[in-house]
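S.K.: If you're matching positions, the sequence shown starts at 86 in this note's numbering and goes up one per residue.
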Amino acid sequence: MSADLTQIHNIGYRNYDGPRLGRAYARRSLYSQSLRGSYGLGRSAKSKILPMILFAVMCVPAAIMVAVAVATKSNDLPVEYTRYAIFTQALIALYLAAQAPQSVSRDLRFKTVPLYFSRPIERFDYVVAKYGAMASALFILTAAPLLVLYIGSLLAKMDFADQTKGFGQGLVSVALLSLLFGGLGLVMAALTPRRGFGVAAVIATLTITYGAVSTVQAIAFETGSSGAVQWLGLFSPITLIDGVQTAFLGATTSFPGSAGPSAGVGVVYLLVVLALILGSYAVLMRRYRKVGL
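Below you can see the structure in the form of structure tokens.
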């Protein structure tokens, strides 16, 4: 192009003179936005319906138990803190199946992940923010009914030390469950940009494995192979949590025959849980190495 045809147009853009907050701020913002989105906050009214209903349904049984305990002046709650998440596992699985794909599948489907990485944010920041938000959302879902039980037990004037100890054990249990389920749910959802496939994958991972393991455990117990029951629990996420809290948190197991894993086998359960959590993080990092290009 010749020099006499060259022109410079000033279209009014101004330089940014504000503070440059960097990666840490971007990571916190993505975490906050993802956590709020897990309960439909900042989204349409339709997006709030399912997570809020599931949250309420999680807390209602705890409130009923508290009301009965207060009315009957009971000395104990009808369910242990560590058992509540086991009893409500279907609701937890449904919540995760609905929200994990919402958290990551849309970014994959609409190819917005490279836009995130065009800002001062890296693959590590994206994965940590999404993983942390999903685990936090699950922790809120599972810890809220435990708080209702704890407050109710104090109102019923149950033993403070026993209830506080049980409440603490329950929080440790659901924190571990949240990390495990959150990682597995995001991995399943991140494998496909199709939300429906992600929902089906999460449900299959959590519910079908539990049903299969529980059935095989029952068969093993009935046929006299009670020693195999505790090892079979390694093949389902919910039985893994059951085994860990039975071995280390004094929980009552749901395994057939009430023969939960011993402390020695419990170490294996804990190692498998930690391996799955770290493995989920590694798979997500590998997944977003490709889609972030």
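We put the beta carbon where it would ideally sit given N, CA and C, even for glycine.
How close, in whole Å, do the beta carbons of S311 and A218 come, if the pair is a contact with beta carbons under 8 Å?
M.R.: Actually they do not touch by this definition, with Cβ atoms about 41 Å apart.
S.K.: Report the rounded CA-to-CA distance for Y110 versus F209, giving the unit in angstroms.
M.R.: Rounded to whole angstroms, Y110 to F209 spans 14 Å at the Cα level.
S.K.: Please go through the same chain and pick out, in chain order, the residues whose beta-carbon is closer than 8 Å to the beta-carbon of V358, but skip the five residues on each side of it.
M.R.: Only L261, L265, L325, I326, V329 meet the Cβ criterion.
S.K.: Which word fits A360, buried or exposed, when buried means at least 16 other C-beta atoms lie within 10 angstroms of its C-beta?
M.R.: With fewer than 16 Cβ atoms within 10 Å of its Cβ, A360 is classed as exposed.
S.K.: Is the CB-CB distance between I171 and I362 below 8 Å?
M.R.: No, the pair does not count as a contact, with Cβ atoms beyond the cut-off.
S.K.: For the alpha helix (DSSP H) containing E307, list its first residue and its last residue.
M.R.: It spans 294-307 - the alpha helix (DSSP H) in which E307 sits, taken as one unbroken run.
S.K.: Helix, strand or coil: how does DSSP classify R128 here?
M.R.: Coil at R128, not helix or strand.
S.K.: For I206, does the three-state DSSP call read helix, strand or coil?
M.R.: In the structure shown, I206 sits in coil (DSSP, three-state: anything other than H, G, I, E or B).
S.K.: Report all residues from its chain with a CB closer than 6 Å to the CB of G251; omit the five preceding and five following residues, and keep chain order.
M.R.: Taken in chain order, the residues that qualify are Y166.
S.K.: Quick check: the stretch 223-233 against the stretch 253-260, are there 3 or more CB pairs under 8 Å?
M.R.: Short answer: they touch.
S.K.: Let me check understanding here. Comparing Cα to Cα, which of Y169, A275, R105, M143 lies closest to L256?
M.R.: Measuring from the Cα of L256, the nearest candidate turns out to be Y169.
S.K.: How is M243 classed by DSSP in three states: helix, strand or coil?
M.R.: Here M243 sits in coil by DSSP.
S.K.: Taking the beta carbon of A141 as the centre, do at least 16 other beta carbons fall within 10 Å, making it buried, or is it exposed?
M.R.: The residue in question, A141, is exposed, as its Cβ has fewer than 16 Cβ neighbours within 10 Å.
S.K.: Taking only three categories from DSSP, how would you classify S310?
M.R.: Residue state, collapsed to three classes: coil.
S.K.: Taking the alpha-carbon of G107 as reference, which of K215, W316, R128, F202 has the nearest alpha-carbon?
M.R.: Comparing Cα-Cα distances from G107 to each of K215, W316, R128, F202, the minimum goes to F202.
S.K.: What residues in its chain sit with their C-beta under 6 Å from that of L139, if we drop five residues either side in the sequence?
M.R.: For L139, where only same-chain residues beyond five positions count, the Cβ hits under 6 Å are L176, Y180.
S.K.: Mapping the DSSP letters down to three states, classify V151 as helix, strand or coil.
M.R.: Residue state, collapsed to three classes: helix.
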